[in-house]
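Report on one structure; see the data block that follows.
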Amino acid sequence: MSLLHLAILSPLLLAIAIPLLYKYFRQIHTGWFVLPLPIVLFIYFLQYISLTREGSAMIKSIAWIPSLDINFSTKIDGLGLLFALLITGIGSLIVLYSIYYLSKDKEKLNTFYVYLLLFIGAMLGVVLSDNLIVLYAFWELTSFSSFLLIGYWHHREKSRYGAQKSMLITVFGGLAMLGGFLLLYIMTGTFSITEIISHSDQIFTHSLFVPALLCVLLGAFTKSAQFPFHIWLPDAMEAPTPVSAYLHSATMVKAGIYVVARFSPIFAEDSLWLSLVAGFGIVTMFWGAFSAVKQTDLKAILAFSTVSQLGMIMSLLGVGAAAIHFEEIDNSYFTVATTAAVFHLINHATFKGSLFMVVGIIDHETGTRDIRKLGGLISLMPISFTIALIGAFSMAGLPPFNGFLSKEMFFTGMLGVAEMNILNLDTWSALFPIIAWVGSIFTFVYSMIIVFKSFTGKYQPEKLDRKPHEAPFGMLIPPLVLAALVIIFGIFPNILSETLIAPAMMSILPGFSFDVHISFWHGPKPELFMTLGVAVIGTILYLTLAKWRGVYGLLPEKLALNRFYDEGLEKAQYGSFRLTSTYMNGFIHTYLVYIFTFFIVILGTTLFVKDALSIDTANVAPVRFYEVILALIVAVSAISILFAKSRLTSIILLGAVGYTVALLFVVFRAPDLALTQLVIETVSVALFLLCFYHLPEISRSEERIRFRMTNAVISIGIGAIVTLIALSAHSTKLFDSIAHYYVENTYEEAAGKNMVNVILVDFRGFDTMFEITVLGIAALGIFTMIKLRLARRKEG
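According to UniProt numbering, the stretch in the sequence shown is residues 1 to 796, in order.
Right under this line is the structure:
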């Protein structure tokens, strides 16, 4: 196992150890045991910058299921390294923040950090996997672990609702993405992402190309909260603030961004990819920003702002991928868009992470996140105000912060869509810069709301649960670090150009060379005037917010996406209950009818449609007279049970069937099977007698069992189908019999003379062991039910 594999698995291994550490060191906050791991991983991944900045990559592989081409293959290139550094770097700050945010006396910290470590390992697995199936396995682990983290405060109904909502939507998308991965395998014959990218020219014309494209995008859109799947993200804010800051600003929601970036070299040959990614992205950017302004909860504002920012990055990736589709034309607009996407990916993690932490501090120190109750905190929490100001101004796209630079490049990319009509949308292309500009105005407005509605205005202590004061210094360190990066990356953006941005672009647009240089001043270009317009109009709208905010009340409630989700889920549950109740009536007889009917129809149809029915008596041994006699005894005894008038008679006849079968085993020279059959039959008869002794007597109306044609047809059908299958299997010899293997190896390999025993104990040892395990579990279950019933009787 390589160090890269160990780096991915180390959070999962530590998650196993956390309960033990928690048990023996309860007096110490569990976060202190977890904190060193993401720090060490961050330092470990930093060493790969020298590798990726040259455009190189490193692939390590461990055989997992080689027969199915499924190997634990890892690849670290520019794109994977960027995400790995975000996951571990932001993760380190989140763990430190959580130590001061979560009380070791009030919270189940072992549970929290197990969930968090599962998520860290899953995210590293997603961004560093080079095998589609391994990527999907880690992808679903992110959904599972985020479900646990969002529902961490499971005693709250809203937390359970948000966790379920995120799980249903993201897992639905994940299953669709798995379908896309399987289609890619059908087209290329490999699960290796690197090899699939190398075959992208060949699969472009394949009939399964578009279905694979749509399935992969569905998975990416649901995970990255693109419209209309964004509705899960605001409800996920019921998680503790460290979870919201980590999952919903820097990592999980960007898993979909990663998938789009990683698979652009495969699908960008088709203009449908460009149109869908850019189109859904720009709509999500606008709708998220527009929806954020009407929120009154600070985390709700940040939730919709995250939706908007993710849409912005997604639209940039869609425009940037046009460089692959239009290789023959000037691709300056496309490379700028890709640069902006990668740069804003980093910027968003810094300013949004700091804002989430500040909101957590406000909630922690005041007991509320409602902006209608907040105000006047600037004098009481000056450091938090400074951090919030830096983060909000960066998100609004104001200089000298890093968000200003990526917002300018965002405008450049959107203007390129209109100018070059790269998406083949004709006049619709002109809407892209307009929507981007209007969405940016609303981004400016909600950014101002976050800062000034919380920290300025009238102080309202009577509406607060506790007297506010500045947070402990340990809680301030993580947002201070992120706020410092906002300023550093804004003033010195090119420290990222050759180390992280350009290598990531080489992975997104392979075969292109990049000279990334980011600067503040580009002259009096349209982008500058768009930014000025955003600031001016945004300020006016913020100052007049009370006068026009009523426009949100004009939106019809009936068309709300959350309402469609809630009603759809409710109707699905009701419909499922109604459908299930039609065939789940509580009678075993009914269930057996379903099972046996299905058995007859499926196997009988297959047998005849596939022309598999074959009866060859050439190799059948002659039937001897006494064998016929024994078979007739079995048949007569079985049929007689149907006409027996007492339970004792039925048990005797059933025993006769079993003992006669044992005689058949003796005739066929299988003494072990005969002995086993005799033991089982004796025990069965004894158990039947014991059970029936305690049953009420049969009434006269029950003396004669009513004949049912359905039962007769199904019984005869099952017997006929099983007989035909047995005869066909005996008559069709596709392979040499495995009996020869046992004959040749029983004595030499297993040192046993009894072939049946050796097969059961040695050759099928695991099978036998698990059969015994199942019996043991069943026995424990029966014993437990008996004990519980006896205990209830004593209580009664």
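Note that the Cβ used here is the ideal one computed from N, Cα and C, for glycine as well.
Run through the DSSP bridge pairs and tell me what ALA63 is partnered with. The sequence position of residue 63 within the sequence shown is 63, counting from 1. Note: ALA63 sits in a beta bridge opposite ASN71.
From the DSSP output, which residues share a beta bridge with MET530? Residue 530 sits at position 530 when you count from the first residue of the sequence shown. Paired residues: none, contrary to the question.
Tell me, which residues are paired with ASP297 by DSSP? As a working mapping, residue 297 is identified with position 297 in the sequence shown. Note: ASP297 sits in a beta bridge opposite ASP370.
Neighbourhood of LYS453 by C-beta, 6 Å cutoff - its chain only, sequence neighbours within 5 removed: Taking the first residue of the sequence shown as 1, we reach residue 453 at position 453. Cβ within range, chain order: ILE371.
Hey, would you say THR306 sits closer than 8 Å to LEU233, going by beta carbons? As a working note, residue 306 is residue 306 in the sequence shown. As a working note, residue 233 is residue 233 in the sequence shown. Closer than 8 Å, so yes.
Could you compute how far the alpha carbon of LEU217 sits from the alpha carbon of VAL260? Numbered from its first residue, the sequence shown carries residue 217 at position 217. Numbered from its first residue, the sequence shown carries residue 260 at position 260. Straight-line Cα distance between these residues: approximately 7 Å.
Assuming SER576 is part of the alpha helix (DSSP H), what are its boundary residues? Numbered from its first residue, the sequence shown carries residue 576 at position 576. Where SER576 is concerned, the enclosing alpha helix (DSSP H) stretches over 561-583.
Exposure label - PHE147; buried when at least 16 CB within 10 Å: The residue labelled residue 147 in the question sits at position 147 within the sequence shown. By the neighbour-count rule (16 or more Cβ atoms within 10 Å), PHE147 is buried.
Same chain, Cβ closer than 7 Å to GLY655, five either side skipped, listed in chain order: The count along the sequence shown starts at 1 and reaches residue 655 at position 655. Once the five neighbours on either side are set aside, the close Cβ partners of GLY655 are GLU681, VAL685.
Below 8 Å, can you find three or more Cβ-Cβ pairs linking the stretch 347-362 to the stretch 236-248? yes
Classification of ASN754 by the beta-carbon crowding that lies within 10 angstroms, buried from 16 upward: The sequence position of residue 754 within the sequence shown is 754, counting from 1. So ASN754 counts as exposed.
Given a cut-off of 8 Å, decide if GLY439 and ALA300 are closer than it, judged by their beta-carbon atoms. Along the sequence shown, one-based indexing puts residue 300 at 300. Along the sequence shown, one-based indexing puts residue 439 at 439. No, Cβ-Cβ distance for ALA300 and GLY439 is not below 8 Å.
Option nearest LEU149 by Cα separation, candidates LEU4, ASN110, HIS694, SER2: Here residue 149 is taken as the residue at index 149 of the sequence shown, counted from 1. That would be ASN110, whose Cα lies nearest to the Cα of LEU149.
In chain order, what residues of the same chain have a beta carbon less than 8 Å from the beta carbon of ILE721, not counting five sequence neighbours either side? What you label residue 721 is simply residue 721 of the sequence shown in a count that begins at 1. Taken in chain order, the residues that qualify are PHE599, ILE600, LEU603, GLY604, LEU607.
Would DSSP call MET58 helix, strand or coil? Counting from one through the sequence shown, the residue named residue 58 turns up at place 58. Looking at MET58 - three-state DSSP - the assignment turns out to be strand.
Once the 5 residues before and after VAL756 are set aside, which same chain residues still bring their CB inside 6 Å of it? On the sequence shown, residue 756 is found 756 positions in, with the first residue counted as 1. Only ASP672 meet the Cβ criterion.
Buried or exposed: GLU462, going by 16 or more other Cβ atoms within 10 Å of its Cβ? In the sequence shown, the residue the question calls residue 462 occupies position 462. Exposed, by the Cβ-count rule.
Let me know the secondary structure DSSP gives ILE150 once reduced to three states. Counted from its first residue, the sequence shown places residue 150 at position 150. Helix, per DSSP.
Which residue's Cα is closest to the Cα of LEU496: ILE8, TRP32, ARG53, PHE432? In the sequence shown, counting from the first residue as 1, residue 496 sits at position 496. Ranking ILE8, TRP32, ARG53, PHE432 by Cα distance to LEU496 puts ARG53 first.
Anticipated Cβ contact below 8 Å, residue 798 with SER447, distance rounded: For the chain, the structure presents residues 1 to 796; residue 798 sits outside this window and is missing.
Of all the options GLU195, SER244, LEU3, which has the alpha carbon lying nearest to the alpha carbon of PHE304? Start at 1 with the first residue of the sequence shown, and residue 304 comes out as number 304. The residue with the shortest Cα to Cα distance from PHE304 is SER244.
Among ILE18, LEU184, THR284, SER207, whose alpha-carbon lies nearest the alpha-carbon of ILE196? The residue labelled residue 196 in the question sits at position 196 within the sequence shown. Checking every option, the nearest Cα to that of ILE196 belongs to LEU184.
Give me the Cβ distance between LEU96 and PRO478, rounded to the nearest whole Å; I'm assuming they're in contact under 8 Å. Taking the sequence shown and counting its residues from 1, the one referred to as residue 96 is at position 96. Taking the sequence shown and counting its residues from 1, the one referred to as residue 478 is at position 478. 5 Å between Cβ atoms; contact.
Contacting residues, own chain, Cβ-Cβ under 6 Å from THR170 (five flanking each side not counted): Translated into the one-based positions of the sequence shown, residue 170 becomes position 170. Answer for THR170: SER143, THR222, LYS223, listed in chain order.
Alpha carbon to alpha carbon, how far is ALA483 from GLY533? The residue given as residue 483 occupies position 483 in the sequence shown. The residue given as residue 533 occupies position 533 in the sequence shown. Going from the Cα of ALA483 to the Cα of GLY533 covers about 26 Å.
Can you grab the Cα-Cα spacing for the pair SER507 / GLY55, in whole Å? Here the question's residue 507 lines up with position 507 in the sequence shown. Here the question's residue 55 lines up with position 55 in the sequence shown. Using only the alpha carbons, I get a separation of about 8 Å.
For GLY125, which residues of its own chain have a beta-carbon under 6 Å away from its beta-carbon, when the five flanking residues on both sides are left out? Walking along the sequence shown from the start, residue 125 turns up at place 125. Correct list, in chain order: ILE8, PHE138.
Segment contact, 8 Å Cβ cut-off, at least three pairs: the stretch 621-633 with the stretch 659-672: yes
Please list, in chain order, all residues of the same chain as ILE633 whose beta carbon is under 6 Å from its beta carbon, the five residues on each side excluded. If you number the sequence shown from 1, residue 633 lands on position 633. For ILE633, where only same-chain residues beyond five positions count, the Cβ hits under 6 Å are THR660.
Determine, using beta-carbon pairs with one atom in the stretch 398-408 and one in the stretch 524-542, whether at least three such pairs fall under 8 Å. yes
Inspect the CB distances between the stretch 153-170 and the stretch 186-196 and report whether three or more fall short of 8 Å. no
Distance, LEU79 Cα to GLY320 Cα: Walking along the sequence shown from the start, residue 320 turns up at place 320. Walking along the sequence shown from the start, residue 79 turns up at place 79. Cα to Cα, the separation comes out at about 15 Å.
Pull up the CB-CB distance for ASP616 and SER731, whole angstroms please, since I reckon it's below 8 Å. In the sequence shown, residue 616 corresponds to position 616, counting from 1. In the sequence shown, residue 731 corresponds to position 731, counting from 1. At roughly 4 Å, the Cβ-Cβ gap stays under 8 Å, so ASP616 and SER731 are in contact.
When you compare the CB positions of ASP130 and ILE59, do they come within less than 8 Å of one another, or not? Stepping through the sequence shown from its first residue, residue 130 is reached at position 130. Stepping through the sequence shown from its first residue, residue 59 is reached at position 59. Yes, Cβ-Cβ distance for ASP130 and ILE59 is below 8 Å.
Distance between beta carbons of GLU238 and LYS158, contact taken as under 8 Å: Along the sequence shown, read from residue 1 onward, the residue named residue 158 stands at position 158. Along the sequence shown, read from residue 1 onward, the residue named residue 238 stands at position 238. 5 Å between Cβ atoms; contact.
Could you check if VAL348 is buried or exposed, using at least 16 other CB atoms within 10 Å of its CB as the buried criterion? On the sequence shown, residue 348 is found 348 positions in, with the first residue counted as 1. Note on residue identity: the sequence assigns His, not Val, to residue 348. HIS348 comes out buried.
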